[in-house]
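What follows is one structure encoded as structure tokens, with my remarks underneath.
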Amino acid sequence: MPVDPYILLLFGTVGLAALLPARGTGADLASGASTGAVALLFFLYGTRLSTREALDGLRHWRLHGTILACTFVVFPLLGLAARGFVPAGILSDPLYQGLLFLTLVPSTVQSSIAFTSLARGNVPAAICAGSFSSLAGIVATPLLAAALLGGGGGEGGGGFSADSVTKIVLQLLVPFAAGQVLRRWVGEFVLRHRKALGLVDRGSILLVVYTAFGQGTVEGVWQRVSPARLGGLLAVEAVLLAVMLLLTWYGAKALRFGRADRIAIQFAGSKKSLAAGLPMASVLFGAQASMAVLPLMLFHQMQLMVCAVIAGRRSRDAGGRPGAVAPAAAGEVTVPAPAGSSRTGAGTGTRSG
């Protein structure tokens, strides 16, 4: 099973924040740098995502509608249901808020494409679905968080207010919109330097994680998280992932999608983006961000390990050669599509019962 090296860096950053958190002036500087890093991340997202190609995919509305429904409807409903089904005491309130938040973030792009390709599924559909989910998540995730977490307040709650809305607009929406507007002029530069900018992505996310977890350490958050509750969180997340994998696979079959489309639906509809979720959490949760992102970090590694096994089996079932497709690093959020690939083939697999 693959262990994403970037996940190791993330947990190493968590360890550094626990041992050497920024304090005083250092904390203020780290917070300011983290704010700038989030804005830069969403500006880069805007320069990379092709709105035109995503809108062209509307021709295949049935497939993409199914994936979006899994990401922004079914997932949140399961997150809400967890409150009633998980026995009291398994998850603390902040951990549950983090679990619910992970159900609200958009799907991944690169790893969904990588696993769909390995499983011999509809890769153009996965490319379009990733673009749709990323674009929708810029608006949908903050709105869903405001609706489902806004009343939490207090410990672990979102505490949404006019100030929160202002931060969402200034740190997420404005930079993303600026990136979209400037894409025609800077898009080629971003593409040519995607490796270097990928390091900027990942470094920015590490800074966000260090700032959030360092603040949690200073405030004594980790003294309230026991190993038993971490184990309970992992168990709940394992059930959540299993349910989504089953729903996306057999639900797509019930909707009479062909095998290639079902593979794309399963991998795009059951996964959550660490790259998008971490900076969003830093804006939406503020001082409680460390507890909000822990469930997402654990879920991200879990989905990579499980989906790698499933993709390998799907490849063998299709008569392909088992191979290894390295999952994308968490900070990488886009893959250059082959010419025309996002405009053809998405949602065109042969339908079967």
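Going by numbering that gives the first Met the number 0, 241 is the number at position 242 of the sequence shown; the sequence numbering is gapless. Just so you know, even glycine gets a beta-carbon here, dropped at the ideal spot from N, CA and C. Since we're looking at a predicted model, the values are computed, not measured.
query = To the nearest angstrom, how far is it from the Cα of arginine 22 to the Cα of leucine 171?
reply = Using only the alpha carbons, I get a separation of about 26 Å.
query = Is tyrosine 249 buried or exposed, if buried means 16 or more other CB atoms sit within 10 Å of its CB?
reply = Answer is exposed; the Cβ neighbour count stays below 16.
query = Within 10 angstroms of its Cβ, does proline 278 collect 16 or more other Cβ (buried), or is it exposed?
reply = Proline 278 is buried by the Cβ-count criterion.
inquiry  = Let me make sure I understand the geometry here. Which of Lys270, Gln222, Gly213, Ala251 has the alpha-carbon closest to that of alanine 241?
reply    = From the listed residues Lys270, Gln222, Gly213, Ala251, the smallest Cα separation to alanine 241 is found for Lys270.
task = Let me know the secondary structure DSSP gives arginine 22 once reduced to three states.
result = Correct three-state label for arginine 22: coil.
message = In the DSSP assignment, the alpha helix (DSSP H) including arginine 58 goes from what residue to what residue?
response = Counting along the chain, arginine 58 falls outside any alpha helix (DSSP H), and DSSP gives it neither H nor E.
ask   = Whose C-alpha, out of Ala124, Ser49, Leu28, is nearest the C-alpha of glycine 178?
value = The shortest Cα separation from glycine 178 among Ala124, Ser49, Leu28 belongs to Ser49.
inquiry  = Does arginine 61 pass the burial test, meaning 16 or more other C-beta atoms within 10 Å, or should it be called exposed?
reply    = Exposed is the call here.
ask   = Roughly how many whole angstroms lie between the Cα atoms of threonine 34 and leucine 293?
value = Computed Cα separation, rounded: 19 Å.
ask   = Quick one: what's got a C-beta closer than 8 Å to proline 75's C-beta in the same chain, skipping five residues either side?
value = Counting only Cβ-Cβ distances below 8 Å, and skipping sequence neighbours, we find Leu99, Thr102, Leu103, Leu143, Leu147.
query = Any chance the region 249-258 sits against the region 174-189, with 3 or more Cβ pairs inside 8 Å?
reply = Judged by pairs of C-beta atoms under 8 Å, the region 249-258 does not touch the region 174-189, as fewer than three such pairs exist.
task = Tell me, please, whether the region 294-303 touches the region 6-15 by the rule of three or more beta-carbon pairs shorter than 8 Å.
result = Yes, the region 294-303 is in contact with the region 6-15.
request  = With DSSP collapsed to three states, give me the class of serine 341.
outcome  = Because serine 341 carries a pLDDT of 39, less than 50, the predicted location of this residue cannot be relied on, and the following value inherits that uncertainty. In this structure, serine 341 counts as coil in the three-state DSSP scheme.
task = Look at the Cβ atom of glutamine 214, then the Cβ atom of alanine 17, and state whether they are nearer than 8 Å.
result = Not a contact, by the Cβ cut-off of 8 Å.
ask   = To the nearest whole angstrom, what separates the beta carbons of glutamine 96 and alanine 291, a pair I think is in contact under 8 Å?
value = Between alanine 291 and glutamine 96 the Cβ distance is about 6 Å, and since that is below 8 Å, they are a contact.
request  = Tell me the start and end of each unbroken alpha helix (DSSP H) in the region 228-287 that is at least 4 residues and wholly inside, in chain order.
outcome  = Under the rule that a run must span 4 or more residues, the alpha helix (DSSP H) segments found entirely inside the region 228-287 read 258-268, 273-284.
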